[in-house]
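Everything in the sequence shown is counted per our numbering, starting at 345 for the first residue and increasing by one.
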Amino acid sequence: MMWIVCLLLVPFCCTSGARRSEDDRNTWLLNNTLGYVNENASACVNFFEHACGKYGAIHIDDPFTEITEMLDHKVNTRFVQLMDELNQRSRLRGFNESSVEAKVLRFYLTCRGASKELRSVKNYLRLAPPDEGLTWPQLTPGRTAWPEERFEWLKTLGVLHRYGLTNVIVSVLVIPSLSNSSEFLLDLSMPSFQEGSSFTETLAALRVSGVPRNSAPPIARKISRLESALRVLAESDKDDEDKLMNVDQLERRTGLNWRKFVELVIGHSISPQFRVQVRNLIYFAGLKRIMDSSDAQMVANYIMVRFVRYLLEESEDDGHAIECIKVIRRSMGPASNLIYKQRFLAPAKLQQYTQEIVKIFDQVRQQFLIQIERNSLRLTTKQRTMVATKVREIILNIGNIPRTLDYRTLVSRHYENLTFPPGDLDYCRNHLKVLEIRTKMGVAQLDRPAMTREEYCYLSDENSAGPYYLRRQNVIVLPFALLQEPLFVPGSHDVFKYSLLGFLLAHELAHSVDSDSVHLDSLGNVHQTGIEILSSSAYTAGLECMNRNPTQYLDERFADIYGVDLAYSTYTRIASEKNLRDFAHISLEQIFFLNLAQFFCGDGAATNFVDHDDDKLRLQQILSGFVPFHRAFGCQSSSQHQKCQVW
Ligand SMILES: *[C@@H]1O[C@H](CO)[C@@H](O)[C@H](O)[C@H]1NC(C)=O
Ligand SMILES: *[C@@H]1O[C@H](CO)[C@@H](O)[C@H](O)[C@H]1NC(C)=O
Ligand SMILES: *[C@@H]1O[C@H](CO)[C@@H](O)[C@H](O)[C@H]1NC(C)=O
Ligand SMILES: *[C@@H]1O[C@H](CO)[C@@H](O)[C@H](O)[C@H]1NC(C)=O
Ligand SMILES: *[C@@H]1O[C@H](CO)[C@@H](O)[C@H](O)[C@H]1NC(C)=O
Ligand SMILES: [Zn+2]
Numbered sequence: 345m346m347w348i349v350c351l352l353l354v355p356f357c358c359t360s361g362a363r364r365s366e367d368d369r370n371t372w373l374l375n376n377t378l379g380y381v382n383e384n385a386s387a388c389v390n391f392f393e394h395a396c397g398k399y400g401a402i403h404i405d406d407p408f409t410e411i412t413e414m415l416d417h418k419v420n421t422r423f424v425q426l427m428d429e430l431n432q433r434s435r436l437r438g439f440n441e442s443s444v445e446a447k448v449l450r451f452y453l454t455c456r457g458a459s460k461e462l463r464s465v466k467n468y469l470r471l472a473p474p475d476e477g478l479t480w481p482q483l484t485p486g487r488t489a490w491p492e493e494r495f496e497w498l499k500t501l502g503v504l505h506r507y508g509l510t511n512v513i514v515s516v517l518v519i520p521s522l523s524n525s526s527e528f529l530l531d532l533s534m535p536s537f538q539e540g541s542s543f544t545e546t547l548a549a550l551r552v553s554g555v556p557r558n559s560a561p562p563i564a565r566k567i568s569r570l571e572s573a574l575r576v577l578a579e580s581d582k583d584d585e586d587k588l589m590n591v592d593q594l595e596r597r598t599g600l601n602w603r604k605f606v607e608l609v610i611g612h613s614i615s616p617q618f619r620v621q622v623r624n625l626i627y628f629a630g631l632k633r634i635m636d637s638s639d640a641q642m643v644a645n646y647i648m649v650r651f652v653r654y655l656l657e658e659s660e661d662d663g664h665a666i667e668c669i670k671v672i673r674r675s676m677g678p679a680s681n682l683i684y685k686q687r688f689l690a691p692a693k694l695q696q697y698t699q700e701i702v703k704i705f706d707q708v709r710q711q712f713l714i715q716i717e718r719n720s721l722r723l724t725t726k727q728r729t730m731v732a733t734k735v736r737e738i739i740l741n742i743g744n745i746p747r748t749l750d751y752r753t754l755v756s757r758h759y760e761n762l763t764f765p766p767g768d769l770d771y772c773r774n775h776l777k778v779l780e781i782r783t784k785m786g787v788a789q790l791d792r793p794a795m796t797r798e799e800y801c802y803l804s805d806e807n808s809a810g811p812y813y814l815r816r817q818n819v820i821v822l823p824f825a826l827l828q829e830p831l832f833v834p835g836s837h838d839v840f841k842y843s844l845l846g847f848l849l850a851h852e853l854a855h856s857v858d859s860d861s862v863h864l865d866s867l868g869n870v871h872q873t874g875i876e877i878l879s880s881s882a883y884t885a886g887l888e889c890m891n892r893n894p895t896q897y898l899d900e901r902f903a904d905i906y907g908v909d910l911a912y913s914t915y916t917r918i919a920s921e922k923n924l925r926d927f928a929h930i931s932l933e934q935i936f937f938l939n940l941a942q943f944f945c946g947d948g949a950a951t952n953f954v955d956h957d958d959d960k961l962r963l964q965q966i967l968s969g970f971v972p973f974h975r976a977f978g979c980q981s982s983s984q985h986q987k988c989q990v991w
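#1: Bridge partners for tyrosine 812 per DSSP, in chain order?
#2: Which word fits methionine 345, buried or exposed, when buried means at least 16 other C-beta atoms lie within 10 angstroms of its C-beta?
#3: Out of His974, Asp416, Leu498, point me to the one whose CA is closest to proline 823's CA.
#4: Please list, in chain order, all residues with a C-beta atom less than 5 Å from at least one heavy atom of ligand 4.
#5: Check whether the Cβ of histidine 758 sits closer than 8 Å to any heavy atom of ligand 5, and report yes or no.
#6: Tell me whether cysteine 988 is buried or exposed, calling it buried when 16 or more other Cβ atoms sit within 10 Å of its Cβ.
#7: Look at the alpha carbon of glycine 288 and the alpha carbon of threonine 598, and state the distance between them as a whole number of angstroms.
#8: Check this for me: beta carbons of glutamate 441 and leucine 430, under 9 Å apart or not?
#9: Determine the direct distance from the alpha carbon of lysine 582 to that of valine 778, and round the result to whole angstroms.
#10: Run the CB neighbour count on aspartate 959, radius 10 Å, all protein chains shown included, and call it buried at 16 or more, exposed below.
#11: Using 8 Å as the cut-off, can you tell me whether the region 691-703 makes contact with the region 831-851, which would need three or more C-beta pairs spanning the two stretches below that distance?
#12: Kindly identify the DSSP beta-bridge partner or partners of lysine 414.
#13: Measuring alpha carbon to alpha carbon, tell me which residue in Asn384, Gln425, Arg506 is nearest methionine 785.
#14: Taking all protein chains shown into account, decide if leucine 351 is buried (16 or more other Cβ within 10 angstroms of its Cβ) or exposed.
#15: Counting by C-beta, which residues lie closer than 6 Å to a heavy atom of ligand 2, in chain order?
#16: May I ask you to verify whether the region 895-905 touches the region 852-872, counting CB pairs closer than 8 Å and requiring at least 3?
#17: Compute the minimum distance between the beta carbon of alanine 788 and the heavy atoms of ligand 5, and state whether it is under 8 Å.
#18: The beta strand (DSSP E) spanning proline 520 covers which residue range?
#19: Would you identify the three-state DSSP class for isoleucine 930, choosing helix, strand or coil?
#20: Measuring straight from C-alpha to C-alpha, what distance separates leucine 749 and glycine 611?
#21: On the CB-based measure, 16 or more other CB atoms within 10 Å of its CB, does threonine 377 come out buried or exposed?
#22: Should leucine 529 and valine 516 be called a contact, given that it needs their Cβ atoms to be closer than 9 Å?
#23: Enumerate in chain order the residues of its own chain whose CB-to-CB distance from cysteine 979 is below 6 Å, with the five nearest sequence positions on each side excluded.
#24: Compare the C-alpha of glutamate 379 against each of His929, Arg369, Gly397, Phe392 and name the closest.
#25: For cysteine 945, which option in Gly907, Ala401, Glu852 has the closest C-alpha, if you only look at C-alpha atoms?
#26: State the DSSP-derived secondary structure class of isoleucine 739, mapped to helix, strand or coil.
#27: Would you identify the three-state DSSP class for tryptophan 347, choosing helix, strand or coil?
#28: Going straight from the alpha carbon of tryptophan 294 to that of lysine 499, what length do you get?
#29: Flag lysine 777 as yes when its Cβ comes closer than 8 Å to any non-hydrogen atom of ligand 5, and as no otherwise.
#30: Touching or not, the region 731-747 and the region 784-801, by the rule of three or more beta carbon pairs under 8 Å?
#31: Assuming arginine 597 is part of the alpha helix (DSSP H), what are its boundary residues?
#32: Buried or exposed: which applies to glutamine 711, given that a residue is buried once 16 or more other Cβ atoms fall within 10 Å of its Cβ?
#33: On a Cα-Cα basis, can you pick out the residue from Glu660, Asn761, Ile513 that is closest to leucine 577?
#34: Reducing DSSP to helix, strand and coil, say where leucine 374 ends up.
#35: Run the proximity test for arginine 995: is its beta-carbon closer than 8 Å to any non-hydrogen atom belonging to ligand 3?
#36: Could you check if serine 613 is buried or exposed, using at least 16 other CB atoms within 10 Å of its CB as the buried criterion?
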């Protein structure tokens with residue numbers, strides 16, 4: 345066994361970025377970028393096809409469709425390797441069974457080894473009943489009647505929230521209060537219905553829950569009717585104002601037993617004066633009538649179907665290594681993030697990455713401050729000061745880890761009560777435990793002082809592949825997965841750094857002043873000066889201009905268009921004139937835009953794009969009317985695409 349130990353002591357090396365000379369790194373990057381270029385397509389007419397035309401051919405058999413998925417897949421592959429190493433280590437003396445590593449490993453082994461029966465939906469439903477001493481109607485044995493008088497739907501929703509089920513009949517969130525981002529509140533509103541069930545999905549969920557083939561369609565039809573009734577009720581409620589009220593008031597306004605529900609959600613008893621944030625009182629007031637007139641068994645079936653669909657989305661049913669890794673990264677975010685960092689980002693390496701990335705970020709931020717100072721929106725001094733302060737105080741969090749706390753201590757504490765009995769291969773039971781802990785982490789924020797911005801790490805980060813801006817914390821998170829080539833290669837030429845990672849950071853910086861965030865100050869609280877900017881004519885005109893070609897995702901378009909402007913102007917401000925030795929035939933400006941395109945290149949289906957326009961349209965909108973781009977490729981700029989005036 346000794347050789348294994350030795351192997352493990354060798355620090356991780358040789359991502360292909362390490363140890364290469366700068367010239368080699370640049371050559372590799374450029375070659376990689378040029379590898380996707382389709383020379384047959386004109387850069388001016390169709391830049392997406394020009395820059396990305398060969399993507400599909402190169403990645404024809406790969407299990408990803410674009411760059412962030414690819415980086416995420418690389419991370420998953422590394423995790424499989426890490427699990428194998430941990431498994432070897434666990435057989436040696438001295439392996440700490442209460443460490444975070446051991447807990448992740450145990451859950452992984454359950455996921456890999458559980459039988460079909462122990463990962464089945466029926467098993468989940470047995471382990472997570474609608475209430476104490478009550479089974480789901482489906483699983484009620486033989487001819488005994490289901491005791492429907494014992495079923496209380498709101499209580500069941502509270503019971504299942506423990507595992508993270510929300511957005512069914514009621515939406516529950518734990519979020520910072522609008523006036524004070526360091527105070528967390530329980531927020532209750534109507535569900536979004538975006539995840540509403542299609543008839544086929546309902547049918548499928550009923551079947552895997554053990555409903556016989558013949559009984560499933562009539563049950564599914566009743567469920568659809570109930571959901572339609574809820575949807576109609578929701579549509580009648582246009583109220584989108586948050587109100588603070590205590591649970592007692594809410595009960596009187598709606599006739600529902602909220603106190604019990606809230607106690608189940610937060611895990612301890614509360615006084616009737618406990619305050620919650622509520623929207624959609626019209627919906628809630630109408631709920632009682634609909635639910636009272638519905639058959640209890642059918643309501644239970646509806647909740648069960650939604651619970652089953654939630655579990656199926658959270659889980660994987662085949663026990664393949666990569667699939668199990670996905671479940672772990674999703675359900676044990678902080679734990680998996682910690683062990684990834686520990687294994688693949690040695691302190692010296694992480695320090696070098698951090699230094700280079702912080703430099704890029706600071707340069708982009710500096711450029712933003714310069715442009716705020718130029719004041720093309722003609723803001724008042726007070727408004728400009730507010731925005732500049734906010735931008736100056738944005739924290740870049742690399743890897744979603746707290747700056748001022750010991751990460752291992754913090755994470756170990758999160759999982760202190762998680763134990764897996766040795767040899768337990770009940771995947772469902774262990775998965776439910778893990779989901780419970782994940783939910784608790786979010787809910788626990790109600791009971792303790794909010795993390796400071798320096799301590800902050802986003803708990804429900806399900807290992808998002810891209811960077812993101814947290815508007816209530818004024819923090820940008822850059823997940824570890826992005827610290828990989830070709831997105832970021834330390835020591836490479838600025839043209840690569842600023843066109844890709846620099847653009848992403850600029851895009852997130854821009855989100856701090858988009859129409860969803862500009863009204864918040866540097867601490868994430870609503871601020872009168874910000875509201876003034878939001879409603880000023882210059883600001884609105886800029887956004888309207890970007891919406892000439894209408895999009896559902898205007899803030900994203902704004903962040904894209906302003907992001908590229910910011911990244912490019914930062915690059916030209918600081919660029920060294922150093923050319924890339926081996927590629928004299930292609931200008932640095934061209935490289936900038938071809939490398940920028942790497943973020944958008946892909947061959948995914950249209951359904952891949954969530955909350956954003958598709959990548960081809962995004963790239964086109966970014967470059968349309970962008971003079972440096974037209975200049976770089978010698979395109980004629982058409983006058984109809986005047987650049988929109990922002991910041
Ligand atoms: C450049 O990329 C091509 C594939 O696109 C590869 O065949 C070639 O070996 C690469 N050259 C260098 C110098 O990396
Ligand atoms: C470009 O055009 C040539 C000649 O028509 C063709 O052989 C080649 O496959 C085309 N390349 C791509 C990437 O479409
Ligand atoms: C094992 O891990 C737990 C949890 O992280 C820790 O509290 C304990 O000190 C560790 N034990 C040893 C012997 O390192
Ligand atoms: C915000 O909430 C925190 C925690 O409840 C409290 O300590 C702080 O005083 C509040 N700040 C303001 C401005 O109300
Ligand atoms: C673990 O359980 C103990 C005892 O019930 C409790 O005091 C503690 O808060 C729990 N820890 C977490 C992170 O939930
Ligand atoms: Zn965005």
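Beta carbons: idealized from backbone N, C-alpha and C, even for Gly.
Since the model is a prediction, treat every value here as computed from it, not as a measurement.
Here's the rundown:
#1: Under DSSP, tyrosine 812 takes part in a beta bridge, and its partners are Val821.
#2: The predicted position of methionine 345 is uncertain, since its pLDDT is 33 and thus under 50; a value taken from the coordinates is nonetheless stated next. Exposed is the call here.
#3: Nearest Cα to proline 823 within the set His974, Asp416, Leu498: Asp416.
#4: Residues close to ligand 4 by the beta carbon criterion (under 5 Å to any non-hydrogen atom) are, from first to last along the chain, Asn524, Ser526, Glu527.
#5: Yes, Cβ of histidine 758 sits closer than 8 Å to a heavy atom of ligand 5.
#6: Cysteine 988 comes out buried.
#7: Because the chain is modelled from 345 through 991, residue 288 falls outside the range shown and cannot be assessed.
#8: Against a cut-off of 9 Å, the Cβ pair of leucine 430 and glutamate 441 comes out as no contact.
#9: So the two alpha carbons sit approximately 37 Å from each other.
#10: It counts as buried.
#11: The answer is yes - the region 831-851 touches the region 691-703, with three or more Cβ pairs under 8 Å.
#12: Looking at the sequence itself, residue 414 is methionine, so the reference to lysine does not match. None; methionine 414 has no bridge partner.
#13: Distances from the CA of methionine 785 to each of Asn384, Gln425, Arg506 were compared; the closest alpha carbon is that of Arg506.
#14: A caution first: leucine 351 carries a pLDDT of 36, below 50, which makes its placement in the model too unreliable to give a value.
#15: Those satisfying the condition are, in chain order, Asn382, Asn384, Gly397, Lys398.
#16: Yes, the region 895-905 is in contact with the region 852-872.
#17: Yes - ligand 5 has a heavy atom lying nearer than 8 Å to the Cβ of alanine 788.
#18: Start and end: 515-520.
#19: Isoleucine 930: coil per DSSP, three-state reduction.
#20: Distance between the alpha carbons of leucine 749 and glycine 611: 26 Å.
#21: Buried, by the Cβ-count rule.
#22: One thing to note: leucine 529 has its Cβ no nearer than 9 Å to the Cβ of valine 516.
#23: Cβ neighbours of cysteine 979 beyond the five flanking positions: Cys388.
#24: Sequence inspection shows glycine at residue 379; the glutamate mentioned does not correspond to that position. Of the listed residues, the one whose Cα sits closest to glycine 379 is Gly397.
#25: Relative to cysteine 945, the option among Gly907, Ala401, Glu852 whose CA is nearest is Ala401.
#26: DSSP places isoleucine 739 in strand when its eight states are reduced to three.
#27: A caution first: tryptophan 347 carries a pLDDT of 35, below 50, which makes its placement in the model too unreliable to give a value.
#28: Beyond the ends of the chain as shown, which are 345 and 991, falls residue 294; an answer cannot be given.
#29: Result no, Cβ not under 8 Å from ligand 5.
#30: Contact holds: three or more Cβ-Cβ distances are below 8 Å.
#31: Start and end: 591-598.
#32: A residue is called buried once 16 or more other Cβ atoms fall within 10 Å of its Cβ, and glutamine 711 is buried on that count.
#33: Ranked by Cα distance from leucine 577, the options Glu660, Asn761, Ile513 are led by Ile513.
#34: Assigned with DSSP and collapsed to three states, leucine 374 falls in helix.
#35: Missing from the structure shown is residue 995; the chain here goes from 345 to 991 and no further.
#36: With fewer than 16 other Cβ atoms from the protein chains shown falling within 10 Å of its own Cβ, serine 613 counts as exposed.
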